[in-house]
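Take a look at the structure below.
Number of protein chains: 2
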Amino acid sequence: MPLPMPEALAAAGSPGLGRRFTVSASATDSPVTPNAEFDAWFARKRRANRFNVARIPFSDLAGWRFREGDGNLVHDSGKFFSVTGLEVNTDWQDRGSWMQPILDQPEIGILGIVVKEFDGVLHCLMQAKMEPGNPETVQLSPTVQATRSNYTGVHGGRRTTYIEYFTSSERTLLVDSLQSEQGAWFLQKRNRNMIVEVTDDVPPHDNFRWLTIGQIHRVLAQDNVVNMDTRTILSCVPFEAPNGPVRNAASPEYRESLVRSLSGRHGSLHTAGHLLAWLTDVKARHSFTRRTLPLSKIDGWSHSDDEIAHDEGKHFKVIAADVRADTREVAQWTQPLIAPVERGVAAFLARPINGVLHLLVHAKAEAGAFDMCELAPTVQCLPVNFRDLPVHRQPRYLDLVLDPAPGTLRFDAVLSEEGGRFHHADNHYRIIDVGEDVPAQDDEDYHWMTVHQLMSLVQHSRYLNVQARSLLASLHTTW
Amino acid sequence: MPLPMPEALAAAGSPGLGRRFTVSASATDSPVTPNAEFDAWFARKRRANRFNVARIPFSDLAGWRFREGDGNLVHDSGKFFSVTGLEVNTDWQDRGSWMQPILDQPEIGILGIVVKEFDGVLHCLMQAKMEPGNPETVQLSPTVQATRSNYTGVHGGRRTTYIEYFTSSERTLLVDSLQSEQGAWFLQKRNRNMIVEVTDDVPPHDNFRWLTIGQIHRVLAQDNVVNMDTRTILSCVPFEAPNGPVRNAASPEYRESLVRSLSGRHGSLHTAGHLLAWLTDVKARHSFTRRTLPLSKIDGWSHSDDEIAHDEGKHFKVIAADVRADTREVAQWTQPLIAPVERGVAAFLARPINGVLHLLVHAKAEAGAFDMCELAPTVQCLPVNFRDLPVHRQPRYLDLVLDPAPGTLRFDAVLSEEGGRFHHADNHYRIIDVGEDVPAQDDEDYHWMTVHQLMSLVQHSRYLNVQARSLLASLHTTW
């Protein structure tokens, strides 16, 4: 009897696990959860579910302490995460050597979305989830966000709702890949990004609603609605171009170049092989070593009663927070959070090259990246970190993305990073259609790539950093 | 003016940088360096260039010492490599928790072959190179093996011959990727594997000869001739099937299944997407943490005057060696080496599945692997490590690969690992054509893959471990 033999899919031609995802304008609303109903439900959830987050001295943290010996900030259980010190030495961008606090959380968690077809249209089971660090407490979150301790039930504790869809051996996987998190704040952290399709009835829960991908895209373009975990999962979906009419017909030229960029059948400035060789060259050309060291030993940071802060006021602070739900739900706890000192910017420059949209990708070194650097947006930084530096030490294109020319913004929203670890860590996420204003030339650490090339790379771990993935997800709202 | 726009190559359809490499029987000899001339030259080099390697007490090492404080074995310059301690905790294969010595060498070196066409046939510039740990001192090595310190000239010192072909910005790259080294002995080590094509005259050097890939394949099938660095570079070449007649017509059925397995146009048991999802699942399913610790603190190993050895006589020893060239060349130095306690085995089971050759790949955890596990041969171990364990704790298929059925061995040679770090570290490398004797079924940590799928994955870093890559290179000798 012949074995089941799916014809091998060409990795670049059809990344992913075989289901076709089409960016479809027709599914920007849904009879299952009409937009009006969703908006009312989501507003209700936001009103009803608020955390009061108050800064407290580290000494008021319950269950957390600066450990004897190395001064690392740890939980008594040895679980969750810890804050340790890191020293980096690199010749990358003249950054030399520095020390910093960094989060260490070696577990692999699950970020997962359950999807199901209703009347032939794929819907995602989305959650109105509270996180203490979110600018607005409730954001639109995946079906499941679970640490390994959560889903293996090591600690006892309440079972994560719907986790069984992801741990079942019978699951139908549409996406399953390990992806990195913020390299500036996390030491080699990654999570498992999953999409699981079901056909059976799924028991309803008031904090969850079924939305089409088009409906998620609708709110992804709004400030601080769709959380980071949703964005990173959606970035792993190998979308195909829409067939039908599109929402944004403002720039048919942009749309056409985006359609071509998605397909992989049109030209690209570089072949896939050349892009991989470029990344090899980048890693081999630079020196980069790091070592963890006791948090008590890091230079350049001051440790007061209630924060660990950079001596020049740059980067971020480690703070302690008391978190209380101001609703009927009984919930109170304390925890450390990372609080960046200001709003950042993460922006891709985009332009058609021979009619195919390309994005300018930056191979960016980050302290905690799994392997020294990943592919980042053209610009990704906190501007304050560079204000006192001469122009040649500033990120390239910084002025251009902070003050884009009129009519060039294809995407512009303030989106925040993981609210469970980061406090008001939001960024201007932007996609800027620079057209001929920026030459289609590469530079040592910058290369122009098509959307299809990025979608192919994100099928593997550790190519696109989390900010680039947020923008890749956001790009699909720009039709 | 339109920009240069090579049509994007489908990553799976045409891995690599665009040149077509064909396994060609016609090039098993060459007018540039006929086999008879090569054999005579190589035998002469082996006779004339010998190291006497004598074990010495650690206290007789010059320039090396056990460092105050952590007891790590380090060089006074802080360069080369160091031996540190490592603790691993994992649920993988019931291995639990252990400590071991491990080599730490964070630099990225270059392993590179210069290639050039003579009369339309690609030739590789190969070196007769001495390494102290080689079972026979001289092995057939790439054009260049250089550490970063070598090629950046940090230490002054003699320039590596031909290094300029790899560091030139004008180089024509055919292969360029970062690949891992032995995860059991090295902590996250990788090297840059490169092939550079030249068209100009290359100045000759008596230690170097031009050989076709077919000629290298001829000697790769012999014991201990082709060194590990050559094998790992050749494993990155996306070979196409031969058109013409082939050497080994003994099994036309095997040959046909191998031709189909190379092409990527025939079926495979799994899609590329499913293989990546499987690897995600393997990594997420297992727990695996490690930390470096002082060499003086590792349990289970005994430290005597002249070796650090495992208490049960398993695994390997760290030894100290005095190395002297017994020829006119003046060379003498001392260095630590890793010496495995016996000869190992590294073997792929292979079988046709619906007429397409598949290899049974093992997702194997190794202490120093970059990300907990890589894809390994079906069996890869020192048998002594398992002799006292019950069968269910032994590697699957161990008996089968130690004592293969008659007529099933498609490749069988003793090949050694890097002789600059490892002393007589050789393995039975085997490819065993098991046919219907082994069912075409997967298991949690084992999956059947085509040769084309392996060649596609090896275009990226950190998928295939170095033993699997040696076998992938060796597979191309089995026509």
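Chains as they are written, first to last, in numbering that gives the first Met the number 0: chain A, 0 to 478; chain B, 0 to 478. We treat Cβ as the ideally placed atom computed from N, Cα and C, and that holds for glycine.
DSSP bridge partner residues for residue i (one or two, in chain order)
i: L102/B; result: V82/B and F185/B
i: K128/B; result: Q138/B
i: K316/A; result: A308/A and A338/A
i: T288/B; result: N88/B
i: T407/B; result: BP columns for T407/B are empty, so no partner.
i: I194/B; result: I112/B and V174/B
i: R429/A; result: A346/A and D411/A
Helix, strand or coil at residue i [DSSP, three-state]
i: S140/A; result: strand
i: Y462/B; result: coil
i: Y396/B; result: coil
i: L8/B; result: The predicted model places L8/B with a pLDDT of 29, which falls under 50 and marks its position as unreliable; any figure quoted below should be read in that light. Coil at L8/B, not helix or strand.
i: D59/A; result: helix
i: L121/A; result: strand
i: G434/B; result: helix
i: S256/A; result: helix
i: F369/A; result: coil
i: L110/B; result: strand
i: T279/B; result: helix
i: D321/B; result: strand
i: P376/A; result: coil
i: R170/A; result: coil
i: W447/A; result: strand
i: P351/A; result: strand
i: H361/B; result: strand
i: N51/A; result: strand
i: L72/A; result: strand
i: S479/B; result: The structure shown does not extend to residue 479/B, since chain B is modelled only from 0 to 478, so the question has no answer here.
i: H302/B; result: strand
Test: residue i CB closer than 8 Å to a CB of chain B
i: R170/A; result: no
i: H459/A; result: yes
i: K282/A; result: yes
i: A467/A; result: no
i: D175/A; result: yes
i: I112/A; result: no
i: A16/A; result: The question names Ala, yet the displayed sequence has Leu at residue 16/A. So yes, L16/A belongs to the interface.
i: P105/A; result: yes
i: T89/A; result: no
i: T279/A; result: yes
Cut-off 8 Å between Cβ atoms - residues of its own chain near residue i, not counting five sequence neighbours on either side
i: G12/B; result: Bear in mind that the predicted position of G12/B carries a pLDDT of just 37, short of 50, making it unreliable; the figure below should be weighed with that in mind. Here the set comprises G263.
i: D398/B; result: none
i: S256/A; result: P351, G354, V355 and L356
i: A364/A; result: T89, W91, Q92, R94, H285, F287, M371 and C372
i: W209/B; result: S29, V31, T32, K115, F117, H122, C123, L124 and M125
Below-8 Å beta-carbon distance, residue i vs any chain A residue
i: H446/B; result: no
i: L474/B; result: no
i: S256/B; result: no
i: R420/B; result: no
i: R19/B; result: no
i: R94/B; result: no
Close beta carbons around residue i, own chain, < 7 Å, minus the five adjacent residues each side
i: T407/B; result: I431, D432 and V433
i: R461/A; result: S179, F369, D370 and E373
i: L470/B; result: A345, F347, P376, Y428 and I430
i: Q221/A; result: A412
i: T160/B; result: H204
Own chain partners of residue i with C-beta closer than 6 Å, once the 5 adjacent residues on each side are dropped
i: Q104/A; result: F80 and K188
i: G17/A; result: none
i: V137/B; result: K44, R45, N48, A127 and M129
- Message: Give me the subset of the stretch 58-87 of chain B whose CB atoms are less than 9 Å from a CB atom of chain A, sorted by chain position.
- Response: Residues are counted here when their Cβ sits less than 9 Å from a Cβ of chain A; for the stretch 58-87 of chain B the count is zero.
- Task: For the stretch 342-367 of chain A, enumerate the residues whose C-beta is nearer than 7 Å to any C-beta of chain B, in chain order.
- Result: Hits within the stretch, in order: I352 and N353.
- Using a Cβ cut-off of 7 Å, which residues of the stretch 129-157 of chain B contact any Cβ in chain A, in chain order? Going along the stretch 129-157 of chain B in chain order, one finds no residue with a Cβ nearer than 7 Å to chain A.
- Any residues in the stretch 260-275 of chain A with a beta carbon nearer than 7 Å to a beta carbon of chain B? Which ones, in chain order? Taking 7 Å as the Cβ-Cβ cut-off against chain B, the residues of the stretch 260-275 of chain A that qualify are G263, G266, S267, L268, T270, A271, G272, H273 and L275.
- Query: Looking at chain B, which residues of the stretch 284-314 of chain A have a Cβ within less than 8 Å of any of its Cβ atoms?
  - Reply: Residues of the stretch 284-314 of chain A whose Cβ lies closer than 8 Å to any Cβ of chain B, in chain order: S286 and T288.
- Quick one, which residues of the stretch 191-204 of chain A are near chain B if we go by CB-CB under 7 Å, in chain order? Answer set for the stretch 191-204 of chain A: R191.
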